[in-house]
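Data block below; observations after.
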Ligand SMILES: [Zn+2]
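Residue numbers (this note's numbering): 4 to 143.
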């Protein structure tokens, strides 16, 4: 899987922020939906990412009970937390959490760039090197 536990990844939400779409992040039909960032806290047994979800999102969520803690090998501190499970295609990129550098990771080469900010419409970063040498991979 592309992303790791502890990564903050980008997903789309609708205008009411009540639903996280389980659709391809790059589906042009959803290009105008907002991008939010959630932390990966684990994986399901069938390769869905388990993302921690803030209180204001109420649809399609799972409340972690003892059974999920055991089944998904989650830290017990997540008991009663809200999560959502998403396939990799619904994730648009990641920002490795680093409180000292606030680095972003290039969507193409996966290199980490301290102090970088998003430069793509979807809220991700493509570094200068990739923009100049791998333009054929850039779809927006
Ligand atoms: Zn790059």
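We put the CB at the ideal spot given by N, CA and C, even for glycine.
DSSP-derived helix/strand/coil call for residue i
i, result
"residue 40", "strand"
"residue 85", "strand"
"residue 138", "helix"
"residue 53", "strand"
"residue 132", "helix"
"residue 6", "coil"
"residue 92", "helix"
"residue 33", "helix"
Residue i: CB within 7 Å of a non-hydrogen atom of ligand 1
i, result
"residue 132", "yes"
"residue 114", "yes"
"residue 111", "yes"
"residue 120", "no"
"residue 129", "yes"
CA nearest to the CA of residue i, picked from the options
i, options, result
"residue 80", "67, 33 and 74", "67"
"residue 18", "36, 78 and 137", "36"
"residue 50", "75, 115, 118 and 31", "75"
"residue 7", "38, 53 and 29", "53"
"residue 132", "114, 118 and 125", "114"
The alpha helix (DSSP H) enclosing residue i, as first and last residue numbers
i, result
"residue 71", "69-74"
*Quick check: the region 7-14 against the region 38-46, are there 3 or more CB pairs under 8 Å?*
yes
*At a cut of 8 Å, does the region 105-119 reach the region 74-86 through at least three beta carbon pairs?*
no
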